[in-house]
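Following: one structure in structure tokens, then a few remarks.
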Amino acid sequence: MEETKWEPKVVGFLCHWCSYAGADLTGSARMEYPHNIRIIRVPCSGRIDPMFILRALQNGLDGVLVSGCHPGDCHYQSGNFHARRKFAVTRKLLEYVGIEPERVQFSWVAASEGPKMAQVVKEFVEGVRKVGPNRLFKDEIKDGE
Amino acid sequence: MENKLKEEARKLLKEGKVDYIVGYGKGTVKFRTSPLITNKEEDIEGLVINPFIANNLSRYPAEIKGKLGIVVKGCDSRSLVSLIQDNKVKRDDIVILGVPCEGVVDIKKLVEQIGADIDQVKEIDKEGDNLIVKMDGSKKTVLFGDVIFDKCFGCEYPTPLEYDILLGSEVSPRVELEKSLKKIKEFEDINAPERWRYWKEQFSKCIRCYACRNVCPACFCERCFVDVNIPQWITTYGSWQDNLVFQLIRTLHVAGRCSDCGECERSCPVGITLRSLQRKMVEEVKGLFNYETGVDKDAPPVFTHYEATDPEEFIK
Amino acid sequence: MVESSQNENIEILTYSEVEEVSGYIGNFDVRIRKKARLVDMKKCTGCGTCYQKCPVKVPSEFDMETGMRKAIYIPFPQAVPNVPVIDKVNCRMFTKGKCQICQKLCQAEAVDYEQEDEVIEDKFGAIVVATGYDLFDASVYGEYGGGRFKDVISGLQLERLISPAGPTGGHIVRPSDGKEPKNVVFIQCVGSRDPEKGFPYCSSVCCMYTAKHAVLLKEHIPDVQTNIFYMDIRSAGKNYEQFVQRTMEQYGALYIRGRVSKIYQRGDKLIVKGADTLAGSQVEVEADLVVLATAITARHDSKELAKILGIPYDQFGFFTELHPKLAPVETVTSGVFLAGACQSPKDIPDTVAAASGAAVKVAALFSGDFLSMEPLVSTIDTSVCSMCKACIEVCPYKAIQEEEITLRDGTKKKQLKVLESVCHGCGACVSTCRSSCIMLKGMTDEQIFEELMAVAQ
Amino acid sequence: MGYKKIKKDQLNTFLSELSKDYTVVLPSRSGGQVVFAPWDGKNTDFLDWYKNTIIPPKALFFPPVEEMFRFRKGEEGYEIEELMPDKRQQIIFGIRPCDARALKIIDMLFADTYKDPYYLRRRENSLLVGLSCNEPCDTCFCASLDISPGQSEDVDILCTDVSDNLLIEAISEKGSNLLSEMSGLSDAGSEEESKAKEMRKSAKEKIARQINLSGLQEKMRSNFENREYWEKASKKCMACGICTYVCPTCHCFDINDENRKKEGKRVRSWDSCKFPLFTRMPMENPRHEKWRRMRQRYHHKFEYYPMNFGTIACTGCGRCIRECPVNVDVTEIIGGI
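Chains as they are written, first to last, in the numbering used here: chain A, 362 to 506; chain V, 17 to 332; chain Z, 174 to 630; chain B, 866 to 1202.
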């Protein structure tokens, strides 16, 4: 009965210059995207520590979206290139230990790509909805809810 | 090999080329060796090289001031090179005494093979590909290849890649990659919730002694991120959740700098299969960025550099 | 230029290249290679005897190969400094080992074949990049002759032909036979606005200079007919549209909206075939001269320069400004400013505006004793830093440096510091630092973590 | 009360009977290691393979992580929810003499001027059934510390494995009361008794490792400032916390409050003097260098504890020697002073 009420709650770490601006554009262009996402603005995708992702999941968020500028477009020249390497292994490790890949999504969204932002969020939230609520970090005992 | 080591070590100390010799000495626990760090010539006689030299000594150069003559196996030499890349060790400050290594005996495996407690074993000799295990009144022969650490199966660089003095002739690699990756492959075949459950159980055992971190040559931080209290990412005491997150982040921190020496898993007093995480990362870093830890001391460390063509098919 | 060269606060280094830039805003260390011009600048009086008597003639780069120059030359009569340079590639002294005419004739004894490059290392407070542009090579267009027809020239070549100081002294003649053209075709957007063969962007100045050329042609050759093939007329500027209208109405330029499909030779004429999309018909023009408005492109070596300066560039090689609207002359590297077409195609007023802007930015920078910066910068807790220096590697601005300090007990200790004036606050160092000893002010782990906890509630 | 005995294959019945009133905790294999865990009601095969656990039984009384209480800011100040251990009675079955002694040693601290309610409640509600060692490990050196591997005064009941039988002996009154209520035990004959004596003697003789305690405290005091000694001794130490966490007598802990918004909890967890951050409050660990921390540990065990409580805080269980990744050996270090 809880399942019908459950709505995914996901967090998005968006870089200030591209993806955050892209999300802004989505709004100002009056495009809709799922309300399930809460956005945290960071200066650059290179600022994102894999710790943020794990911490979000540990605190019960159902998914984490990480988004930055397209390669070559980084406002800080190379932040997203460094981030890309980091994310590549992070994703592999999380998958290896058994975290559903749907829960952690990376994307490149430019400031002009309002529609893409909406699309990415929509697909991501749908993916999270499919894998269900995040119970990964719950203790067995407390699962009896 | 042992005699050559003693001879070279004595020479290095006598000529003042090094302040300390870091090698292996006889341990006080059966068949275990123990790091022997000395600046005295009379201690040199205690140096040993045998199939039980498990420790990765490359952690010491970052810690001990002065010039060191250090004994390394293939995998240890790569840790050392990685430390050179990370600016923690100056190449000129160390004299590397390389040990071509055929593999190191995992005493746990040995105990399983002989079906007896290690305390009952009196003597172990290596004869060719066999180990002759002498116990009270009985003798058992086990295949050397069956009792070495898992990491040794996949070892591509048994002879140190970086050395000043090589203490023996080169050993050809024992690349039994399949055997080495068997556990990882098997693990990947189980479904995600089961995999998660596995780690949950593993990290419920963790007592946060931080041996995994403290024995790891790649973990040289003055202050570990778990010890940061503003913000306190991870509590200093261990719930399995925090233990797991700690280890995952540690794994990411050492990714690309881990030479798969396996010290974390060997040291873990509660037997958490830590190497499985590390080895997985070694594979991924190799697959994604074609980078192997400590193979080239002039190569830029993998996570402070990038290529415009790095894989990104996972990014939408 | 002459005025600048006489200002005591301005030193002009021509025939020089920047080789290395390190340091940071207010403290740039720049290494400049002053190439050997083989003429002693201090001795030369600028009399001009040497290049008048030099026996070697080569096509002049400045005149876009519409005219010739000597192997010892000044690029154009008003060049600053008025000191010639020897072109080693063509000079007989270097190709054949003998000649020495210029040296013998020089009364000031300024010619020195043995002169070597001079390397200057100096400190500078700011850098303005104004390296200009290159022109698109139109020979990729087979339909315009692919570079085979002498009488298909670029707008800039026509500019040289019109110039009184140009190779023809201002007489407009066809390169092939020196005849005065009576029917001239202009083709706009050659390479620009063409993602297929050239570049998607608009070169921004061609509409206006083509109109100007049509006017000048008419003034020089009253019976000339100008035909202009265009895509749109982009005349967004003060009085620009009126000028274009005047070109059509008073100077009789025939504007044809459409593209040219083929140019071929018939006798001494060039036949230009194209479409008139407004009339909906094919047109064929018998032309004496065809002038291509070739695209403005980034300098061929702009990417190398960008790397030296530590500034970003776009996919076409133009340098990228800090912000397209709010910081159009700044770059992400503090203390490096942009002016002119090295940033994007610009016309003269825009270039002057940008240059003035950059100059004022520099002046404002130099006027203060302190520099005010965005507060979003990183700081290092050196007490817990383990000196792995990974942060130095990932910092795109070289904002993290090693320094040596003396402790109270007299021992020296190496540690890292962030140059706050150089840091842009991207935070790459923060996430790279495994021991979390770098903090980005205003975007600390703690702040982000609190945000996350609020989101998770 | 004399010796009782039970056939080893009858142990199941004995344990079942105990399980009626007590939670029986005994050695079992879990996740590849030996731990004390509640009895599954079936297996008694631990007699065949059990030597000792890696995590000492102190964890049953003083757990690695313990929530002490929770707090919540209500409308009228803070509400506190106490989290005392429940009053369930438990039997620790199979504790070794060295570890039983270790509990006696920790008792001195936790029941001294400060009486630790968490520890003491568990202690009071527990009954120790010891199991004497017939085959001590290579790393054991309890004999040097006046502990007999086969004998213990620190348990309530002591069992000795004599081939087919388990010899059972009540040591404390509590133990004697319990035994008198048990059915299914028979009296042991003199044959078993003498056999047990013999085994105890031989077990003690098997212990080869020694630690020299004569005049130790004097020696330690005069060696205290011998920096060179301690630097050399600690050179190979990796400064992890294994030795302290597997030590049956180490008892240092850290207390943390975890708050979020208006509620939180206070948690006590093990801490280790080997960590650079140990006692780093309010400023700095006074023992920043590794050798100072190592010296502190040994001095605490072999000098300060005897000074305060009259007994050395080491039982010779050998865990620290066995588990140390670099084989730092307490007998070597103490012996070298």
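Even for Gly, the Cβ is constructed at its ideal location relative to N, Cα and C.
Q: Please classify Ser-893/B: is it buried, with 16 or more other beta-carbons within 10 angstroms of its beta-carbon, or exposed?
A: Stepping through the fourth sequence from its first residue, residue 893/B is reached at position 28. Around the beta carbon of Ser-893/B, 16 or more other beta carbons sit within 10 angstroms, so the residue counts as buried.
Q: Determine the DSSP secondary structure at Asn-19/V, reduced to helix, strand or coil.
A: Residue mapping note: residue 19/V aligns to position 3 of the second sequence, counting from 1. Of the three classes helix, strand and coil, the one that applies to Asn-19/V here is helix, per DSSP.
Q) With a cut-off of 8 angstroms, do at least 3 Cβ pairs link the stretch 1176-1196 of chain B to the stretch 1000-1019 of chain B? A) The stretch 1176-1196 of chain B vs the stretch 1000-1019 of chain B: in contact.
Q: Look up Ala-460/Z in the DSSP assignment and say whether it is helix, strand or coil.
A: By 1-based counting over the third sequence, the position of residue 460/Z is 287. Shown here, Ala-460/Z sits in a strand according to DSSP, grouped into three states.
Q | Same chain, Cβ closer than 7 angstroms to Asp-520/Z, neighbours up to 5 away in sequence not counted | A | Locating residue 520/Z in the third sequence gives position 347, where the first residue counts as 1. By the criterion of a C-beta distance shorter than 7 angstroms, Asp-520/Z is surrounded in its chain by Ser-377, Val-378, Met-381, once the five residues flanking it on both sides are discounted.
Q: Only counting runs of 4 or more residues, tell me where the alpha helix (DSSP H) segments fall wholly within the stretch 1009-1095 of chain B, in order along the chain.
A: Fully enclosed alpha helix (DSSP H) runs of 4 or longer: 1038-1046, 1055-1071, 1081-1088.
Q) So what's Ile-502/A in DSSP terms, helix, strand or just coil? A) Position 141 of the first sequence holds residue 502/A. Note that Ile-502/A scores 48 on pLDDT, short of 50, meaning its location in the model is unreliable and no value can be drawn from it.
**Q.** Residue of Ala-471/Z, Gln-361/Z, Ala-409/Z minimising C-alpha distance to Leu-465/Z
**A.** Numbered from 1 along the third sequence, position 292 holds the residue referred to as residue 465/Z. Ranked by Cα distance from Leu-465/Z, the options Ala-471/Z, Gln-361/Z, Ala-409/Z are led by Gln-361/Z.
Q) Around the Cβ of Arg-953/B, are there at least 16 other Cβ atoms within 10 angstroms (buried) or fewer (exposed)? A) Residue 953/B sits at position 88 when you count from the first residue of the fourth sequence. Classification of Arg-953/B: exposed, given that the 10 Å Cβ count is below 16.
Q | Alpha-carbon spacing of Met-362/A relative to Glu-503/Z, whole angstroms | A | The residue labelled residue 362/A in the question sits at position 1 within the first sequence. The residue labelled residue 503/Z in the question sits at position 330 within the third sequence. Residue placement at Met-362/A is poorly supported in this model, since its pLDDT is 48, which falls under 50; the coordinates are not used for a value here.
Q: Please name the residue in Gly-85/V, Val-121/V, Ile-265/V whose C-alpha comes closest to that of Val-183/V.
A: The residue you call residue 183/V lines up with position 167 of the second sequence. Here the sequence assigns Leu to residue 183/V, which means Val is not the residue at that position. Of the residues Gly-85/V, Val-121/V, Ile-265/V, the one whose Cα lies closest to the Cα of Leu-183/V is Gly-85/V.
Q) On the premise that Ile-920/B lies in contact with Phe-1006/B, defined as a C-beta separation below 8 angstroms, what is that separation, rounded to the nearest angstrom? A) Within the fourth sequence, residue 1006/B is the residue found at index 141, counting from 1. Within the fourth sequence, residue 920/B is the residue found at index 55, counting from 1. Taking the Cβ atoms as the reference, Phe-1006/B lies roughly 20 angstroms from Ile-920/B, outside the contact range of under 8 angstroms.
Q: Kindly indicate which three-state DSSP category Ile-377/V falls into: helix, strand or coil?
A: No answer is possible for residue 377/V: the residues shown for chain V start at 17 and end at 332.
Q) Where does the unbroken beta strand (DSSP E) through Lys-296/V begin, and where does it stop? A) If you number the second sequence from 1, residue 296/V lands on position 280. Premise fails: Lys-296/V lies in the alpha helix (DSSP H), 291-305, not in any beta strand (DSSP E).
Q | Asn-972/B (DSSP reduced to helix, strand or coil) | A | Here residue 972/B refers to the residue found at position 107 of the fourth sequence. In the sequence as displayed, the identity of residue 972/B is Asp instead of Asn. Note: Asp-972/B maps to helix in three-state DSSP.
Q) Where do the N-terminal and C-terminal ends of the alpha helix (DSSP H) with Lys-385/Z fall, by residue? A) Counting from 1 along the third sequence, the entry for residue 385/Z is found at position 212. Element bounds for Lys-385/Z: 379-393.
Q: Starting from Cys-564/Z, trace the alpha helix (DSSP H) both ways and give me its first and last residue.
A: Mapped onto the third sequence, residue 564/Z falls at position 391. Where Cys-564/Z is concerned, the enclosing alpha helix (DSSP H) stretches over 563-567.
Q. Does any C-beta atom of chain V lie closer than 7 angstroms to the C-beta of Lys-503/A?
A. If you number the first sequence from 1, residue 503/A lands on position 142. Reliability of the predicted coordinates at Lys-503/A is poor, the pLDDT of 45 falling under 50, and the value obtained from them is presented with this limitation in mind. No - not a single Cβ of chain V is within 7 angstroms of the one on Lys-503/A.
Q: Report the residues of the stretch 63-84 of chain V with a CB closer than 9 angstroms to any CB of chain A, ordered along the chain.
A: Residues passing the 9 angstroms Cβ filter: none.
Q: Return the residue from the list Met-412/A, Gly-424/A, Arg-445/A that minimises the CA-CA distance to Leu-260/V.
A: Position 244 of the second sequence, counted from the first residue, corresponds to residue 260/V. It is Met-412/A.
Q | Whole-angstrom distance between Ala-601/Z and Leu-632/Z, CA atom to CA atom | A | Past the edges of chain Z, shown from 174 to 630, lies residue 632/Z, and the structure says nothing about it.
Q) Just how far apart, CA to CA, sit Met-507/A and Glu-369/Z? A) Residue 507/A falls outside the range modelled here, since chain A spans only 362 to 506, and no answer is possible.
Q: Check the C-beta distance from Phe-467/A over to Phe-442/A and give it rounded, since I have them as a contact under 8 angstroms.
A: Mapped onto the first sequence, residue 467/A falls at position 106. Mapped onto the first sequence, residue 442/A falls at position 81. Phe-442/A and Phe-467/A do not touch by the CB rule: their CB atoms are close to 13 angstroms apart, not below 8 angstroms.
(Q) I'd like to know whether the C-beta atoms of Ser-275/V and Gly-310/V end up nearer to each other than 7 angstroms. (A) Numbered from 1 along the second sequence, position 259 holds the residue referred to as residue 275/V. Numbered from 1 along the second sequence, position 294 holds the residue referred to as residue 310/V. Cβ atoms of Ser-275/V and Gly-310/V: closer than 7 angstroms.
**Q.** Val-557/Z at chain V interface by Cβ criterion, 7 angstroms
**A.** Taking the third sequence and counting its residues from 1, one reaches residue 557/Z at position 384. Interface with chain V (7 angstroms Cβ-Cβ cutoff): Val-557/Z is included.
Q: Take Trp-1095/B and list the residues in its own chain whose beta-carbon comes closer than 7 angstroms to its own, dropping the five residues that flank it on each side.
A: As a working note, residue 1095/B is residue 230 in the fourth sequence. Hits under 7 angstroms: Trp-1156, Met-1159, Arg-1160.
Q: State buried or exposed for Arg-224/V, treating a residue as buried only when at least 16 other CB atoms are found within 10 Å of its CB.
A: Mapped onto the second sequence, residue 224/V falls at position 208. Buried.
Q: Tell whether a beta-carbon distance below 7 angstroms holds between Val-458/A and Trp-215/V.
A: Taking the first sequence and counting its residues from 1, one reaches residue 458/A at position 97. Taking the second sequence and counting its residues from 1, one reaches residue 215/V at position 199. Val-458/A places its beta carbon less than 7 angstroms from that of Trp-215/V.
Q) Where does Phe-491/Z fall in DSSP's three states? A) Position 318 of the third sequence, counted from the start, is the residue given in the question as residue 491/Z. Phe-491/Z falls in the coil class under three-state DSSP.
Q) Any Cβ of chain A within less than 7 angstroms of the Cβ of Ser-604/Z? A) Here the question's residue 604/Z lines up with position 431 in the third sequence. For Ser-604/Z, the answer is yes, since a Cβ of chain A falls inside 7 angstroms of its Cβ.
(Q) Within 7 angstroms of any Cβ in chain A, is that where the Cβ of Ala-271/V sits? (A) Taking the second sequence and counting its residues from 1, one reaches residue 271/V at position 255. Yes - at least one Cβ of chain A is within 7 angstroms of the one on Ala-271/V.
Q) Per DSSP, Gln-398/Z forms a beta bridge with which residues? A) Position 225 of the third sequence, counted from the first residue, corresponds to residue 398/Z. The partner list for Gln-398/Z (beta bridge, DSSP) reads Asn-356/Z.
**Q.** Where Lys-514/A falls: helix, strand or coil (DSSP)
**A.** Residue 514/A falls outside the range modelled here, since chain A spans only 362 to 506, and no answer is possible.
Q) Buried or exposed: which applies to Pro-1190/B, given that a residue is buried once 16 or more other Cβ atoms fall within 10 Å of its Cβ? A) Here residue 1190/B is taken as the residue at index 325 of the fourth sequence, counted from 1. Buried.
Q: With 7 angstroms as the threshold, decide whether the Cβ of Arg-239/V is near any Cβ in chain Z.
A: The count along the second sequence starts at 1 and reaches residue 239/V at position 223. By this cut-off, Arg-239/V is an interface position.
Q. Which of the residues in the stretch 574-606 of chain Z, read from start to end, lie with their CB under 7 angstroms from any CB of chain V?
A. Hits within the stretch, in order: Thr-605.
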